[in-house]
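First residue of the sequence shown: 0, per numbering that gives the first Met the number 0; consecutive thereafter.
Virtual Cβ for every residue (Gly too), placed ideally from N, Cα, C.
Remember, predicted model here, so these are calculated numbers, not experimental data.
Report on the following structure.
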Amino acid sequence: MTLWLEFLGGFAMSRNGARISLSARKARMLLGLLAAARRRTMPRQRLASLLWEASDGEQARVSLRQSLSQIRRAAGVEWVISEGDELSLGPEVTTDLDAFHAALSRNDLAEAVRLYRGPFFDGADTGASDLGQALAAERARLAGLACDALATELERSDDGAETPALAHRLLLLDPLNEDAHRRLMIADAGRGMRRAAQARYETLEEALRRDMGVAPEPETRALYERIRRGGGGKPVATEPEAEVPPEAPPAYLLLGFETEGARDWSALRSAALAAGAEERASGPGEIVFLFTGQELRAVSTAALELADLAAQGLAFGMVAATASDELSAQSLVEARRVAAMAESGDVLLARDLATRLGLPAEPMQRAVPLRPGASAPRPEAPMVGRELELAQAEAAIAAARNADSSLVIHLSGEAGIGKSRLAREILRRAEGAGATTVEIGFDAFSPGERHPAQRLVAQLPQPPLPGPRATAVERAVLSWLVEPQIGADAMLRMSALDPDVQQRLIIELLADSLRQAAVETGGLLVLIEDCHWSPVGASDFLLGLMSGLQDSPVILLLTERPHDGSLDHRLAARARSGVVRITLPPLPETAARDLVRAIAPGVSAPDAAIDRAAGHPLFLIRLLEANWTEGALPMTVTELVQEQIERLPEADRAALRRASILGTSFDPEDFAAIFPESARPRQSGDLLHATGTGFAFGHDLVYRAIYEAIPPEARQAGHARAAVYYRGHDPILWANHALHTDYAAEASRAAAGAANAMIAARRFAAAYPYIEAGLARDGDPEAMAELHSCRAGLRRIRGDMKGALDDYRAAHGKAIRAETRAAMLCRQALVLHRLGRGDEADRVLDAAEEIADSIGLTGLGRAEIHEQRGNRAFLRGELAECLAQHRASLAAAEATGDPRGIARGHGGIGDATYAAGRFASAHRHFSRAIEIAEEAGLGLVREEYLFMRAFALFFADPGPHAHLLADIAVDSARQCGAVRTELIAREVRAEMRLMNGDIEGLDEDLAAIEALTPGESRFSKDVETLKAFSALRGGDAEAARSRIAALLPDAGTDAYVGGTIFGFAALVAEDREARDQEIADGLACLARGSLAHAVIWFHASVLERAILDKDRDLARVHMDALTAFASDEPIGLVTHYVRAVEMALWPSDPQARSDLVDELRRRCLSDVAALVEAVV
C-alpha cells in the first residue's frame, strides 16, 4: 500500500495513486507539521499550542483530537500513529519532503528541483503567530535547499557540458547577470565561436549602460579582451617559482612520395616554408616537412594547400612527431607507411590525427583521407535486431495520424544500445510518409546554448508570428523564442515574469507553434534525443510540452537512458493522450553477428567480442575498433577506462590521475603550477580532450573511474596542494579543494571566502552550501564568526530576522578579535532596530562603542557604529542627527578606502537626505552606493539601495525611468531570494503605481506582500494605508475609513508613516469637523519630526480633500506648505501636484489644463491627472 502526502507547492493526499479529499485546514497543517518533523515524534501539547495558539490549553487539545478524527474519517487510521503523548506519521506514509531530502542526499539535484514545486504549504496564511514563524522558517529552509540544488549544479558544471543550459536558464530570470554571461562567453570561445562571445559581451555592455547606467564588471571586460585577442576564456594562472618541466610543442610530419618521377619542387618548398614548416632530410623520391608549434587544424589546412600545389606529383602522409632536431626513425617509417597508402594528389592522416580532427574512421582503418571541410559523421550502422520495436512505433504513428491525435513515443535503453539509430529510422520513414520532422537533442558536453524551445522553433518551416490579440508579454515571449537577441523591453518583460508563469507561457506558445506547423504541413514528428542529459528543469518543460500538445497532430519521439529522474517514470501519470514506451533490450546473438559482418567484415574471429559485449551494440563496435582479442577484454565500461589508462606510459598515467583532482575540466596552466614535478597531461583519445579553455575528461564516467582509483590519502594531498594554489585568487576553487582536506582551519577560512564571493555575485543560494560546510568543520574562530555573519546576512534579506539575530550572536561568541566582536554587536543592533526593539538596539550599540573606544577602533568598524546610530535617528525623525552620523560613517570609511563602508556611507547619506526631502541629492547618493557596490561585488549592499534609488527619483523627477528602476529593484530582490528587500521594493512600487492610477498593479503588489514573510511594523502600516487607498479608489469609502481608523491610535508619534495616516484620515473624514481634527493632529505629528514622504503624502491627501470640498483657503495653506518644504531643493512631484491643484480649483485655460493632464500622464501621475479631469 502506498500512502503519499505532498506539501511543496500545495497539499495533496493519496492512497495507491487515488486522491483523498481532506478540506479541514488545521488537519492539513497537522499533517504538515508531522511531515516536517521528518520521522521524529512530536508532543501533543506542542502541536496543540502551535495550531491553536489563541485557545487555552485544554481547548487546544480538544481541537487537536478533532483534527485527528477528521484525518482518520477522511483517510483511515494508518496516517497518524500515537505513542503515549507523542504523534508521528505512520510508517507506511511517504511525503514529497522525504523524497526531496532523499534526492539531495544522493545528490540527484534534477529530481530535487523537480520535486520542489513551490513553497512549503503554499498559500497558508498564519500571520505572526508561532506557527506562522515556524512555517516561514521551514519554507525558507526548503527554498534555500532547492535554490542550492540549482546553484550547485551550475557550480559543478565547471564550464563543462551543462554550463550553457544552466547559464541560459539563469539569464531567463536575470538577463543582466554577468556571471552567466561570462560562462556563456567561455563556452562560445571554447567552441571556436569567438565572434559570438564578443557579440554577447557587446550586447551585454549596451544593455548595462542603457538599463542600469553602469559598465560591465572588470572581470567581464578582461574576459572579453582575452577572447578578442584570440585567447581562451580562462585567465592564465601565474605559475609559482618551482621549476616546471617544459612541455614539447606539438609537431607534425608531412611526407610526400613522388608518384610521377622527379620534378622541381622549389615552389612547393617555398610554400611550405611560408606556412611555417621546416624541410628535413629525406630518402630518394621523398620530400619531408616538419611543422612545430602549430595547431593540428592549421597544419592540415597547409597540407591540403601543398597537395593542391603539387597536383598529381606527390602522395602525402601525415603523422604526429616530436620537435627535436633529429626526426625519430619511427616517425619517418610511420609517415612512409601512411603516404604509401595515399593516392597521387591526396593526403592521408594517421588514424590518431584523424580522430582528433573529428574525421570518421572505419574499424581497422589505419589512415583517413584528409578532405577540405571533411567532418562527415561516422557511417551509420545498419538496422539490425530492432524490427519488432520499429513495427511497434510505426503502428502507433499510423494510428495517431488516422485519429488526428497526439502521441508520445519514449525510447529507453542504456548508453549505446541503439536508441539513436532506431529513432533516425523512425524519422526517415515518417518523412517518407509525408510528415515534417524537427530534431533537437541534449548532449553531455554541449547541451546547446539556447533553450530547447528556441531550438525547436528555429527548425520549423515558418517562424511563429504573434496574433492580433497577443498581449505585450506574449509578444515578448514570442520574440525570445524566435530571435537570437531580443530587445531591452522584451528582455525586461521576460525577466519580470515569475519562473512558473514564464515556463507556462513558453510552453503554450511553443505548443501553438508546433500545432500550427503540423496542420500546415500535414503532420509533424519532433525528435528530442538524449533527454537524460537535459539540464535542471528541462524534464518539467518536456512534460509540460507533452500536456500542451494533447489532441494535436504532433508526435513527440523521446530517447533517454534509464535513471532515477527518468521521464519514463512520469509519462503515464502526466499523459492525456497516447503514450508508447519502448525499452530496447540487448541484441540477440544473430543480430550481433549481422552487425559485425556489416561494420567489420575483415575481423576473422569476432566470437570473443560478441560474447563479452553481451548484446550491447556500441560496446561491440568499440571492441572491434580497438582490436581487442580474447583474454584482454575489459569486463565493464569502467574497466575499459582503466584498461586504456594502463596502456599509457607511467608519466601519462600519473598526470591523468593528478588532473582528476582538479575536476572534470581544468586549465593546464593551473595543473602545471599545482603539480610542477609532473609531466603535463596530454590528449588521450576518449580519456582526455582539448577544449578552448584547457582540457576536459571525455565523460563523467571516465573522470570518476580515474579519480576514485586514487588512494584517499593521495586525493587529500592533491586537494591540499590545489587549495594552497587557488587561495588568494579564486575563492570558489580554494574552498572546493580545502573542504576535501582534513585541515579544519583552512577549510573554514576557504568556506568563508567562497560564501562571500557568492554573496558578492548575488548568488545567495549558492553561498549556503559553503556556509554549512564551513560551519561543520568548526575550524578557525574568526572564520567561524564570518560564516555565522554571512548566514545572518542571508537570513536578514530573506526576512528571517530572528534567525539572523541568533547567527550574529553566535558570531559574537565565536570571535576572538575585539574588532570582530564590535562589528557583530553593530549587526545585532541593525536586526533589533528592524524588529522594533529600539531600546535593545541602543544598548547593544553602546556595548559596541565601548569596545571600539577601548581599542581605539577607526575605519570600517567605527563607520559601522556611526551607520547604525544614523539608522536609529532616521526612524525617530531626528534628521540632523541622522545626517551627521552618516557623514561621519562615510568619512571613517573613506579614510580606509574600504568599498563596503564607502558604499554604505553614501547609502546612509541617501537615507538622511531622503528623510529631509532632498530627493535629488538622495538619488545621487543611492546611485553612487549602488555603483560602488557593483564595482566591488557587494551583492547584499546593492540590493539594499535599489528600491531607494527608484523611490528617490520618483519624488525628485517622476516618470517612466523611476518605474523601470522600481521594476528592477523588485525583480532583483525576487530572483536572489531577498525577501525583506522584495517586500519593501514592492511597497515602494505600490505607492508609485497608486500615483499612476494603476490600481490593478497596486493590488498585485499588495497580494505579493501578503505572501511574503511579515515585515517590520512601519512597513506593515504603510501596507495597511495602501489597502485603504485601494478601497477608496475602488469606491468603498467605508472600508477605507475602517482600515485607517485602526492605525490612528499611535500614529501621532510615528515619524515614518504618521503623517501619511493622518492625511488619509482627513481625506476620508465624514464631515468638515472630523476633517479639520485629523488635519490638526497631522500637523502636530509633523511638528514633532517626520520623514519627507510622510510630509508630502499628508499635504497631498489634504489637498485632494480640499478639491473635493472646493475649499480654496485650505488648499492654499497646504500648497504653500508643500512649496516651502521644497524650497531647499526642488521636488518634481511637489511641483506637479501643486500645479494640478491650481488647475483644479482656480480658473484656467482649457488648453493649458489639457496640456497639464497629458504631462501628468507622461510622468506616470495618472491619479493626479484624474483630479484635474474630475473638476469641471
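{"Asked": "Would you kindly report the start and end of the unbroken beta strand (DSSP E) that includes residue 438?", "Found": "435-440"}
{"Asked": "Quickly, what does DSSP pair residue 871 with across the bridge? List them, please.", "Found": "Its beta-bridge partners do not exist; DSSP assigns none."}
{"Asked": "Could you give the C-beta distance for residue 809 and residue 782, rounded to a whole number, given that I count them as a contact under 8 Å?", "Found": "The Cβ separation is near 13 Å, so there is no contact."}
{"Asked": "What three-state label does DSSP hand residue 42 in the structure shown?", "Found": "strand"}
{"Asked": "Could you compute how far the alpha carbon of residue 1176 sits from the alpha carbon of residue 658?", "Found": "Examination of residue 1176 is not possible in this model, given that the chain is present from 0 through 1175 alone."}
{"Asked": "On a Cα-Cα basis, can you pick out the residue from 96, 7, 68 and 58 that is closest to residue 21?", "Found": "68"}
{"Asked": "Assuming residue 1177 is part of the beta strand (DSSP E), what are its boundary residues?", "Found": "Not covered by the structure: residue 1177. The range shown for the chain is 0 to 1175."}
{"Asked": "Below 8 Å, is the gap between the Cβ of residue 466 and the nearest heavy atom of the ligand SAH?", "Found": "Absence of the ligand SAH from the depicted structure is noted, as is the absence of any ligand whatsoever, leaving it without description."}
{"Asked": "Label residue 401 either buried or exposed according to how many other C-beta atoms from any shown protein chain fall within 10 Å of its C-beta, with 16 as the threshold for buried.", "Found": "exposed"}
{"Asked": "Could you tell me whether the Cβ atoms of residue 407 and residue 554 are closer together than 9 Å?", "Found": "yes"}
{"Asked": "Kindly indicate which three-state DSSP category residue 3 falls into: helix, strand or coil?", "Found": "strand"}
{"Asked": "Could you spell out the range, first to last residue, of the alpha helix (DSSP H) harbouring residue 56?", "Found": "56-74"}
{"Asked": "Report the option in 130, 351, 754 and 768 whose CA atom is closest to the CA atom of residue 785.", "Found": "754"}
{"Asked": "Which residue or residues does DSSP assign as beta-bridge partners of residue 317?", "Found": "253 and 348"}
{"Asked": "Are there 16 or more other CB atoms within 10 angstroms of the CB of residue 869, so buried, or fewer, so exposed?", "Found": "buried"}
{"Asked": "Could you spell out the range, first to last residue, of the beta strand (DSSP E) harbouring residue 367?", "Found": "366-368"}
{"Asked": "Could you give the distance in angstroms between the alpha-carbon of residue 603 and the alpha-carbon of residue 520?", "Found": "49 Å"}
{"Asked": "Determine the burial state of residue 15: buried for a count of at least 16 other Cβ atoms within 10 Å of its Cβ, exposed for fewer.", "Found": "exposed"}
{"Asked": "Across which residues does DSSP place residue 85 in a beta bridge pair?", "Found": "42 and 82"}
{"Asked": "Can residue 469 and residue 459 be called in contact, C-beta distance under 9 Å?", "Found": "no"}
{"Asked": "Am I right that residue 134 and residue 119 are in contact with their C-beta atoms under 8 Å? What's the rounded C-beta distance?", "Found": "7 Å"}
{"Asked": "For the structure I just gave you, are there three or more beta carbon pairs, one from the region 988-1001 and one from the region 811-819, closer than 8 Å?", "Found": "no"}
{"Asked": "Alpha carbon to alpha carbon, how far is residue 388 from residue 577?", "Found": "17 Å"}
{"Asked": "So residue 380 packs on residue 524, CB below 8 Å; how close in whole Å?", "Found": "Not quite, the Cβ-Cβ distance comes to about 22 Å (not below 8 Å), so this is no contact."}
{"Asked": "Among the candidates 297, 144, 331 and 556, whose CA atom is the shortest distance from the CA of residue 395?", "Found": "556"}
{"Asked": "Go through its chain and collect everything with a Cβ distance to residue 1098's Cβ below 6 Å, but skip five positions before and after it.", "Found": "1117, 1120 and 1121"}
{"Asked": "Give me, in chain order, the residues of the same chain whose beta-carbon lies closer than 8 Å to that of residue 873; leave out the 5 immediate sequence neighbours on both sides.", "Found": "881, 910, 911, 914 and 1090"}
{"Asked": "Quick check: the Cα distance between residue 1170 and residue 1158, rounded to an integer number of angstroms?", "Found": "14 Å"}
{"Asked": "To the nearest angstrom, how far is the alpha carbon of residue 270 from that of residue 305?", "Found": "7 Å"}
{"Asked": "Could you give the residue range of the beta strand (DSSP E) that holds residue 287?", "Found": "285-291"}
{"Asked": "Going by CA-CA distance only, name the one from 875, 865 and 583 that's closest to residue 422.", "Found": "583"}
{"Asked": "Count the other C-beta atoms from every protein chain shown that fall within 10 angstroms of the C-beta of residue 1066, then say buried if there are 16 or more, exposed otherwise.", "Found": "buried"}
{"Asked": "Based on the DSSP output, what are the partners of residue 407 in its beta bridges?", "Found": "555 and 578"}
{"Asked": "Which word fits residue 450, buried or exposed, when buried means at least 16 other C-beta atoms lie within 10 angstroms of its C-beta?", "Found": "buried"}
{"Asked": "Out of curiosity, what's the CA-to-CA distance linking residue 744 and residue 719?", "Found": "12 Å"}
{"Asked": "Determine the extent of the alpha helix (DSSP H) in which residue 925 is found, giving its start and end residues.", "Found": "918-935"}
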